[in-house]
Ligand SMILES: *Cc1c(COP(=O)(O)O)cnc(C)c1O
């Protein structure tokens, strides 16, 4: 059997060990210490933002904290991009709030601004004005963030930007994750850089960051004994994990370049196959190409291709099953135009790791060409 080609495996730089060593030498192996402080500053620098970074144990925790800080409560409505990974929406469920799903557009595969506005107007007319919206830069392709910010301003609805898979992506040279009231990134094992598991919340100011850190460390009052006036969470990143993050941040630009070059390789290789399509970036949009995604002519061809790749020990995965189709979420309100249903049927993510060899890429391409 040929070696397994994974969809998006970790890719360490080597520098991580130096920072882990520093954490051990200082005996700061808890969720506190210099690696965390430095990691937060270096991440802010890499996003060229004055927004404040809070290092956390996952992107999901970051979304949960963003919703808590926005005061989302039971029965509140939160607009969510339907075409995403469940982690975008699960925190809405943690709070007992109601997600309202909005479908995508074909330019970016992310939330359709027109449909978003329709959804807001319809919800308002029913007396259910949404309290927040979560938009996603899916697969590293930025959403129509300028249009969405306009809508947020018009209706006074704050935006949580799920940039979990979009570290290094930007729109008109502004980095994804820095536009919304809150931004979220993830360092999960399959992301463009990884800390093994982790995430970060981006806040607009130091006071909000302080509140986020307080909630993320069990909501302790300022007393010598343990005293709590609010429910807290154990969401902070550990100092060791932050060390891994520092080593990974050093190579982020290289990782983005490698993923983008995978995308170009596939595109060139499939030039003659008019039935396979790629998502092109709109003008001014810079995608990190976390995963290279293609669409095939039909569900049947997609499945034929996916199974052929599987047989060759190559991991490929259908595009996200939209949230409005998920058994756990299908009972919630949704505004659907068919775009994400179609992507789910015909779309496939190809192996996209920054450590893929040219031989690996050739192997994937040969198998694809034989089976479409
Ligand atoms: C990975 C991912 C998350 C969750 O991040 P974790 O760090 O795994 O909790 C959320 N949203 C999207 C779009 C993701 O890709």
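Numbering (this note's numbering), first residue to last: 1 to 372. Here a beta-carbon is modelled for each residue, glycine too, at the ideal position from N, C-alpha and C.
* contact_flag[the stretch 304-321, the stretch 221-232] where n(CB pairs < 8 Å) is 3 or more -> no
* **Check whether residue 308 and residue 185 have beta carbons under 9 Å apart** => Residue mapping note: residue 308 aligns to position 308 of the chain shown, counting from 1. Residue mapping note: residue 185 aligns to position 185 of the chain shown, counting from 1. No. Outside cutoff.
* Going by beta carbon distance, what residues of the same chain come within less than 7 Å of residue 94, once the five residues before and after it are set aside? -> For the purposes of this step, residue 94 is taken as the residue at position 94 of the chain shown. Once the five neighbours on either side are set aside, the close Cβ partners of residue 94 are 64.
* Please work out which residues of its chain come closer than 6 Å, Cβ to Cβ, to residue 2, disregarding the five sequence neighbours upstream and downstream, and give them in chain order. => Taking the first residue of the chain shown as 1, we reach residue 2 at position 2. Excluding positions up to five away in sequence, the list reads 313.
* Comparing alpha-carbon positions, which option in 137, 354, 365 lies nearest residue 259? -> As a position in the chain shown, residue 259 is number 259, starting the count at 1. Nearest option by C-alpha distance: 354.
* Would DSSP call residue 113 helix, strand or coil? -> Start at 1 with the first residue of the chain shown, and residue 113 comes out as number 113. It is helical.
* In terms of DSSP beta bridges, what is residue 81 paired with? -> Indexing the chain shown from 1 puts residue 81 at position 81. DSSP lists 102 as partners of residue 81.
* Could you check which residue in 109, 195, 82, 212 has the C-alpha nearest to that of residue 43? => Position 43 of the chain shown, counting from 1, holds the residue named residue 43. Considering only alpha carbons, the answer is 195.
* Check whether the stretch 79-96 touches the stretch 108-119, counting contact only when three or more Cβ pairs, one atom from each stretch, lie closer than 8 Å. => yes
* **Three-state secondary structure assigned by DSSP to residue 289** => Counting from one through the chain shown, the residue named residue 289 turns up at place 289. In the structure shown, residue 289 sits in coil (DSSP, three-state: anything other than H, G, I, E or B).
* Where do the ends of the beta strand (DSSP E) carrying residue 161 lie? -> On the chain shown, residue 161 is found 161 positions in, with the first residue counted as 1. Counting along the chain, the beta strand (DSSP E) containing residue 161 begins and ends at 159-162.
* How is residue 170 classed by DSSP in three states: helix, strand or coil? -> Here the question's residue 170 lines up with position 170 in the chain shown. Residue state, collapsed to three classes: strand.
* **Nearest residue (CA-CA) to residue 270, options 285, 249, 295, 284** => The count along the chain shown starts at 1 and reaches residue 270 at position 270. Of the candidates 285, 249, 295, 284, the one whose C-alpha sits nearest the C-alpha of residue 270 is 295.
* Asked: Hey, how far is the Cα of residue 291 from the Cα of residue 123?
  -> Taking the chain shown and counting its residues from 1, one reaches residue 291 at position 291. Taking the chain shown and counting its residues from 1, one reaches residue 123 at position 123. Taking the straight line joining both Cα atoms gives about 34 Å.
* Asked: CB-CB under 7 Å to residue 371, same chain, minus the five flanking residues each way: which ones, in chain order?
  -> Within the chain shown, numbered from 1, the residue matching residue 371 stands at position 371. Excluding sequence neighbours, residue 371 sits near 304, 305, 308.
* Asked: Who are the near neighbours of residue 118 in its chain, counting only those whose CB is closer than 7 Å to its CB and skipping five residues on each side?
  -> Numbered from 1 along the chain shown, position 118 holds the residue referred to as residue 118. Same-chain partners within the cutoff: 335.
* Thinking C-beta only, is residue 35 closer than 9 Å to residue 23? -> Locating residue 23 in the chain shown gives position 23, counting from the first residue. Locating residue 35 in the chain shown gives position 35, counting from the first residue. Contact: yes.
* Would you mind working out which of 67, 71, 103 sits nearest residue 333, comparing C-alpha positions? => As a working note, residue 333 is residue 333 in the chain shown. Minimum Cα distance to residue 333 is reached at 103.
* To do: With a 10 Å radius around its C-beta and 16 neighbouring C-beta atoms as the bar for buried, classify residue 178 as buried or exposed.
  => Along the chain shown, one-based indexing puts residue 178 at 178. By the 10 Å Cβ count, residue 178 comes out buried.
* Should residue 189 be labelled buried (16 or more other beta-carbon atoms within 10 Å of its own) or exposed? -> The sequence position of residue 189 within the chain shown is 189, counting from 1. Residue 189 should be labelled exposed.
* Exposed or buried, residue 132, counting other C-beta atoms within 10 Å across all chains shown (16 or more means buried)? -> Translated into positions along the chain shown, residue 132 becomes position 132. The residue is buried, with at least 16 neighbouring Cβ atoms inside 10 Å.
* Among residues of its own chain, excluding the 5 on either side of residue 215, which ones have a beta-carbon nearer than 7 Å to its beta-carbon? -> Mapped onto the chain shown, residue 215 falls at position 215. Hits under 7 Å: 65, 68, 232, 233.
* In this structure, does DSSP put residue 54 in helix, strand or coil? -> Here residue 54 refers to the residue found at position 54 of the chain shown. In the structure shown, residue 54 sits in a strand (DSSP, three-state: E or B).
* Spatial distance of residue 203 from residue 98 (CA atoms) -> As a working mapping, residue 203 is identified with position 203 in the chain shown. As a working mapping, residue 98 is identified with position 98 in the chain shown. Distance between the alpha carbons of residue 203 and residue 98 is about 24 Å.
* Beta-carbon of residue 121 versus every beta-carbon of chain B: anything under 9 Å? -> Note that chain B does not occur in the displayed structure, where there is just one protein chain.
* To do: Tell me whether residue 216 counts as near ligand 1, meaning its Cβ is closer than 8 Å to at least one heavy atom of that ligand.
  => Numbered from 1 along the chain shown, position 216 holds the residue referred to as residue 216. No, ligand 1 has no heavy atom inside 8 Å of this Cβ.
* Asked: Would the C-beta of residue 198 count as close to ligand 1, meaning under 8 Å from any of its heavy atoms?
  -> As a working note, residue 198 is residue 198 in the chain shown. Yes, since a heavy atom of ligand 1 falls inside the 8 Å radius drawn around the Cβ of residue 198.
* Asked: Considering only C-alpha positions, which residue in the set 225, 28, 128, 106 is nearest to residue 75?
  -> One-based indexing of the chain shown puts residue 75 at position 75. Of the candidates 225, 28, 128, 106, the one whose C-alpha sits nearest the C-alpha of residue 75 is 128.
* Asked: What is the rounded straight-line gap between the Cα of residue 285 and the Cα of residue 170?
  -> By one-based count along the chain shown, residue 285 stands at place 285. By one-based count along the chain shown, residue 170 stands at place 170. Those two C-alpha atoms are separated by around 6 Å.
* To do: Decide if residue 311 is buried, meaning its Cβ has at least 16 other Cβ atoms within 10 Å, or exposed.
  => Residue mapping note: residue 311 aligns to position 311 of the chain shown, counting from 1. It counts as exposed.
* C-alpha distance - residue 361 paired with residue 262, whole-angstrom precision -> The sequence position of residue 361 within the chain shown is 361, counting from 1. The sequence position of residue 262 within the chain shown is 262, counting from 1. Rounded to whole angstroms, residue 361 to residue 262 spans 8 Å at the Cα level.
* **Start-end ranges of the alpha helix (DSSP H) lying completely within the stretch 19-71, minimum 4 residues** => 34-46, 59-69
* Asked: With C-beta atoms as the reference, is residue 252 less than 9 Å away from residue 167?
  -> Working through the chain shown from its first residue, we reach residue 252 at position 252. Working through the chain shown from its first residue, we reach residue 167 at position 167. Contact: yes.
* Alpha carbon of residue 278 to alpha carbon of residue 267, nearest angstrom -> The residue given as residue 278 occupies position 278 in the chain shown. The residue given as residue 267 occupies position 267 in the chain shown. Roughly 7 Å separates the two Cα atoms.
* Asked: Is the beta carbon of residue 342 within less than 8 Å of some heavy atom of ligand 1?
  -> Taking the chain shown and counting its residues from 1, the one referred to as residue 342 is at position 342. Not so, every heavy atom of ligand 1 lies at least 8 Å from the Cβ.
* Taking residue 386 as the reference, give the member of 249, 210, 30, 156 with the closest Cα. => With the chain covering 1 to 372 only, the question about residue 386 has no answer from this structure.
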